[in-house]
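Structure record follows, encoded as structure tokens.
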Amino acid sequence: MILDETKILKVSPDLSGDGDIEKLQFAAEIIRKGGLVAFPTETVYGLGANALDEKAVKSIFTAKGRAQDNPLIVHVADSKDIDNYAFAEGNEKADILKSQMPAPLTIILPKRDVIPLTVTAGLDNVALRVPQNIIARKLIELSGLPISAPSANLSGKPSPTKAWHVIADMTGRADVIIDGGDCAVGLESTVVSLCYDVPRLLRPGGFTYERLCEVLGKVDISDAVLEQLKEGQRPESPGMKYKHYAPDVSVVLVKGNAQKVRTFIIEKYKSENCGIICFDEDIDQRSSRILNMGSRNNEDEYAEKMFDALRLTDTVEGIDTVYAVLPETTDGISLAIYNRMLRAAAFNIIEL
Ligand code: AMP
Ligand code: MG
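With this note's numbering as the guide, the letters of the sequence shown map in order to residues 24 to 375.
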């Protein structure tokens with residue numbers, strides 16, 4: 024930290040509030056001076072530092088307790104800026120994906136020398152993204168710098184999608200926390216590597232696999248998206264090998280058709296002092312032990328509420344297990360829901 028204590032700055036989501044721009048100017052100055060600023064994006068809150076300043080980047084790893092070999096995503100305000108930090112000219116696939124930005128989409132390309140190896144954890148490739156959230160883009164623009172930012176949570180904890188999550192994890196660790204309301208998508212960006220012959224999905228997110236295939240044609244999916252890495256297997260995306268997204272209570276996933284799931288969780292709810300994460304249709308009761316994820320027909324709402332629900336399970340007194348119902352298929356945004364929930368549950372799943 025470069026300030027004595029964490030400053031929390033509230034801005035309106037559309038930046039229409041009095042003094043909002045001045046607050047972002049203050050935060051941008053902190054970035055330029057080598058400090059840490061937590062800010063909202065449409066995916067999750069990020070913990071940002073000047074991506075060109077090695078010392079500032081190192082302080083991100085310290086603040087989060089993040090493993091040194093887990094690389095960071097570099098955020099830029101405009102897709103044209105990507106070429107300043109990565110080799111993308113003449114890369115037709117990169118051009119196609121750039122035309123889709125801003126989006127909850129990160130692309131991996133060979134890096135230029137200006138990006139320190141601390142950012143990429145020693146890799147020759149760099150991950151780049153243009154966020155949709157206007158607070159995020161304005162902050163980057165005002166700083167005049169690329170901002171490297173992982174999720175603004177303590178490593179291992181559920182990613183932050185509301186300002187209170189960031190305040191809980193980053194007070195005393197970040198110089199500034201910009202409170203810009205809740206994150207719309209609620210889970211981290213889609214990560215696609217353009218460093219293979221065929222583009223490769225390393226992490227599913229708000230920009231769906233189906234949409235990627237629509238714009239790019241063939242796209243491979245890394246095994247690690249839905250499977251546990253085998254002993255000694257080298258992860259294509261280093262972040263995949265770490266415990267992730269987990270609350271303190273144990274998470275058990277439940278998958279099956281709606282009727283079987285309903286019978287199972289009602290029985291669990293009655294017989295055990297457990298938490299339940301489920302759809303509207305699954306249970307009629309309302310209580311602090313039941314965290315509702317919206318309708319079965321609206322997986323976007325599940326994605327948006329998921330990390331908050333995982334955090335809330337730790338605030339429900341007396342429970343040590345939470346049963347979490349999964350969407351029935353892995354289509355669309357559900358692929359990302361599966362990817363995160365499988366890790367939150369350390370791959371503990373009951374198939375009914
Ligand atoms: P986070 O910022 O916490 O959402 O994590 C960023 C994710 O992107 C991690 O899972 C990283 O492993 C992945 N990532 C970032 N940079 C690279 C890179 N150069 N090559 C492969 N994966 C990357
Ligand atoms: Mg993260």
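C-beta: ideal position from N, C-alpha, C; glycine also.
Contacting residues, own chain, Cβ-Cβ under 8 angstroms from Ala72 (five flanking each side not counted): Looking up residue 72 in the sequence shown gives position 49. Excluding sequence neighbours, Ala72 sits near Ile54, Gly57, Gly58, Leu59, Val60, Ala79, Val80, Ser82, Ile83, Ile170, Ser171, Ala172.
Relative to the ligand AMP, is the shortest distance from any of its heavy atoms to the C-beta of Thr143 smaller than 7 angstroms?
-> As a first step, residue 143 must be located in the sequence shown, where it is residue number 120. Yes, the Cβ of Thr143 comes within 7 angstroms of a heavy atom of the ligand AMP.
- Message: Using DSSP's beta-bridge definition, name the partner residues of Phe62.
- Response: As a first step, residue 62 is located in the sequence shown; it is residue number 39 there, counting from the start. For Phe62, which the question treats as bridged, DSSP gives the partners Gly69.
Check your understanding: Any contact of the segment 141 to 150 with the segment 83 to 102, i.e. 3+ C-beta pairs under 8 angstroms?
Key -> yes
Between which residues of its own chain and Asp106 is the CB-CB distance below 7 angstroms, once the five residues before and five after are set aside? For the purposes of this step, residue 106 is taken as residue 83 along the sequence shown, with counting starting at 1. Correct list, in chain order: Glu112.
Subject >> Contact the segment 223 to 233 vs the segment 358 to 365: 3+ CB pairs below 8 angstroms >> reply: yes
* Going by CA-CA distance only, name the one from His267, Tyr268, Ser245 that's closest to Arg257. => Looking up residue 257 in the sequence shown gives position 234. Per the Cα distances, Ser245.
Can we count Val214 as close to the ligand AMP, meaning its CB is less than 7 angstroms from some heavy atom? As a working mapping, residue 214 is identified with position 191 in the sequence shown. Yes; taking the cut-off as 7 angstroms, the Cβ of Val214 has a heavy atom of the ligand AMP nearer than that.
Check your understanding: According to DSSP, which residues form a beta bridge with Tyr346?
Key -> Counting from 1 along the sequence shown, the entry for residue 346 is found at position 323. Tyr346 is bridged to Val275, Ile299.
**Request:** Label Lys328 either buried or exposed according to how many other C-beta atoms from any shown protein chain fall within 10 Å of its C-beta, with 16 as the threshold for buried.
**Result:** For this step, residue 328 is matched to residue 305 along the sequence shown. Classification for Lys328: buried.
Worksheet entry | Span of the alpha helix (DSSP H) around Ile288 | Residue numbering aside, residue 288 sits at position 265 when the sequence shown is read from its first letter. It spans 281 to 294 - the alpha helix (DSSP H) in which Ile288 sits, taken as one unbroken run.
Flag Glu65 as yes when its Cβ comes closer than 7 angstroms to any non-hydrogen atom of the ligand MG, and as no otherwise. The sequence position of residue 65 within the sequence shown is 42, counting from 1. Checking the Cβ of Glu65 against the ligand MG gives no.
Q. According to DSSP, is Thr129 helix, strand or coil?
A. Within the sequence shown, numbered from 1, the residue matching residue 129 stands at position 106. Thr129 falls in the strand class under three-state DSSP.
| request: Pull up the distance between the alpha-carbon of Leu276 and that of Cys297, whole angstroms please. | output: Locating residue 276 in the sequence shown gives position 253, where the first residue counts as 1. Locating residue 297 in the sequence shown gives position 274, where the first residue counts as 1. Taking the straight line from one Cα to the other gives about 13 angstroms.
What does the alpha-carbon distance come out to for the pair Arg285 and Val345?
As a working note, residue 285 is residue 262 in the sequence shown. As a working note, residue 345 is residue 322 in the sequence shown. Taking the straight line from one Cα to the other gives about 15 angstroms.
key: Within 8 angstroms, strictly: CB atoms of Thr194 and Val67   = Here the question's residue 194 lines up with position 171 in the sequence shown. Here the question's residue 67 lines up with position 44 in the sequence shown. No, they are not a contact pair.
**Prompt:** Is Pro94 near the ligand COA, in the sense that its beta carbon is under 7 angstroms from a heavy atom of that ligand?
**Reply:** With respect to small molecules bound, the structure shown includes the ligand AMP and the ligand MG and not the ligand COA.
message: Assuming Val80 is part of the alpha helix (DSSP H), what are its boundary residues?
response: Position 57 of the sequence shown, counting from 1, holds the residue named residue 80. Element bounds for Val80: 77 to 87.
- Query: When the Cα atoms are used, what is the spatial distance from Lys30 to Thr143?
  - Reply: Here the question's residue 30 lines up with position 7 in the sequence shown. Here the question's residue 143 lines up with position 120 in the sequence shown. Spanning the two alpha carbons is a distance of roughly 29 angstroms.
Whole angstroms are fine: how far does the CA of Leu314 sit from the CA of Ala332? As a working note, residue 332 is residue 309 in the sequence shown. As a working note, residue 314 is residue 291 in the sequence shown. Approximately 6 angstroms, taken between the alpha carbons.
Item to complete: Count the C-beta pairs between the segment 198 to 205 and the segment 317 to 325 that are closer than 8 angstroms, then say yes if the count reaches three, no if not.
Response: no
- Task: Leaving aside the five residues before and after Leu239 along the sequence, list all residues of the same chain whose C-beta is less than 7 angstroms from its C-beta, in chain order.
- Result: By 1-based counting over the sequence shown, the position of residue 239 is 216. Result list for Leu239: Lys116, Ile119, Pro222, in chain order.
Give a yes or no on whether the C-beta atoms belonging to Ala197 and Val274 are separated by under 8 angstroms. The residue given as residue 197 occupies position 174 in the sequence shown. The residue given as residue 274 occupies position 251 in the sequence shown. No, Cβ-Cβ distance for Ala197 and Val274 is not below 8 angstroms.
Taking all protein chains shown into account, do 16 or more other C-beta atoms lie within 10 angstroms of the C-beta of Val14, making it buried, or fewer, making it exposed?
-> The structure shown has nothing for residue 14, since the chain only spans 24 to 375.
Residues that DSSP places opposite Asn315 in a beta bridge = Working through the sequence shown from its first residue, we reach residue 315 at position 292. Note: Asn315 sits in a beta bridge opposite Cys301.
Pull up the distance between the alpha-carbon of Pro133 and that of Leu75, whole angstroms please. By one-based count along the sequence shown, residue 133 stands at place 110. By one-based count along the sequence shown, residue 75 stands at place 52. Between Pro133 and Leu75, the C-alpha separation is close to 16 angstroms.
| message | In whole angstroms, give me the CA-to-CA distance for Gly88 and Leu177. | response | Stepping through the sequence shown from its first residue, residue 88 is reached at position 65. Stepping through the sequence shown from its first residue, residue 177 is reached at position 154. Taking the straight line joining both Cα atoms gives about 6 angstroms.
Problem set entry | Beta-carbon proximity check, Gly317 vs Asp303, cutoff 8 angstroms | Numbered from 1 along the sequence shown, position 294 holds the residue referred to as residue 317. Numbered from 1 along the sequence shown, position 280 holds the residue referred to as residue 303. Yes, these two residues count as a Cβ contact at 8 angstroms.
task: Can you grab the Cα-Cα spacing for the pair Asp43 / Ile157, in whole Å?
output: In the sequence shown, residue 43 corresponds to position 20, counting from 1. In the sequence shown, residue 157 corresponds to position 134, counting from 1. Answer to the nearest angstrom: the Cα atoms are 12 angstroms apart.
task: Give a yes or no on whether the C-beta atoms belonging to Val153 and Ala175 are separated by under 8 angstroms.
output: Numbered from its first residue, the sequence shown carries residue 153 at position 130. Numbered from its first residue, the sequence shown carries residue 175 at position 152. Contact flag unset, no.
Less than 8 angstroms between the C-beta atoms of Pro139 and Glu65, yes or no?
As a working mapping, residue 139 is identified with position 116 in the sequence shown. As a working mapping, residue 65 is identified with position 42 in the sequence shown. No, the Cβ-Cβ distance between Pro139 and Glu65 is not below 8 angstroms.
* Could you pull out every residue in the same chain whose Cβ sits closer than 7 angstroms to the Cβ of Lys161, ignoring the five residues on either side in sequence? => As a first step, residue 161 must be located in the sequence shown, where it is residue number 138. The residues are Leu38, Leu47.
**Item:** CB of Leu235 within 8 angstroms of CB of Val248, strictly
**Value:** As a first step, residue 235 must be located in the sequence shown, where it is residue number 212. As a first step, residue 248 must be located in the sequence shown, where it is residue number 225. No, Cβ-Cβ distance for Leu235 and Val248 is not below 8 angstroms.
Q) Does the ligand AMP have a heavy atom nearer than 7 angstroms to the CB of Arg152? A) Translated into the one-based positions of the sequence shown, residue 152 becomes position 129. Checking every heavy atom of the ligand AMP against the Cβ of Arg152, none is found closer than 7 angstroms.
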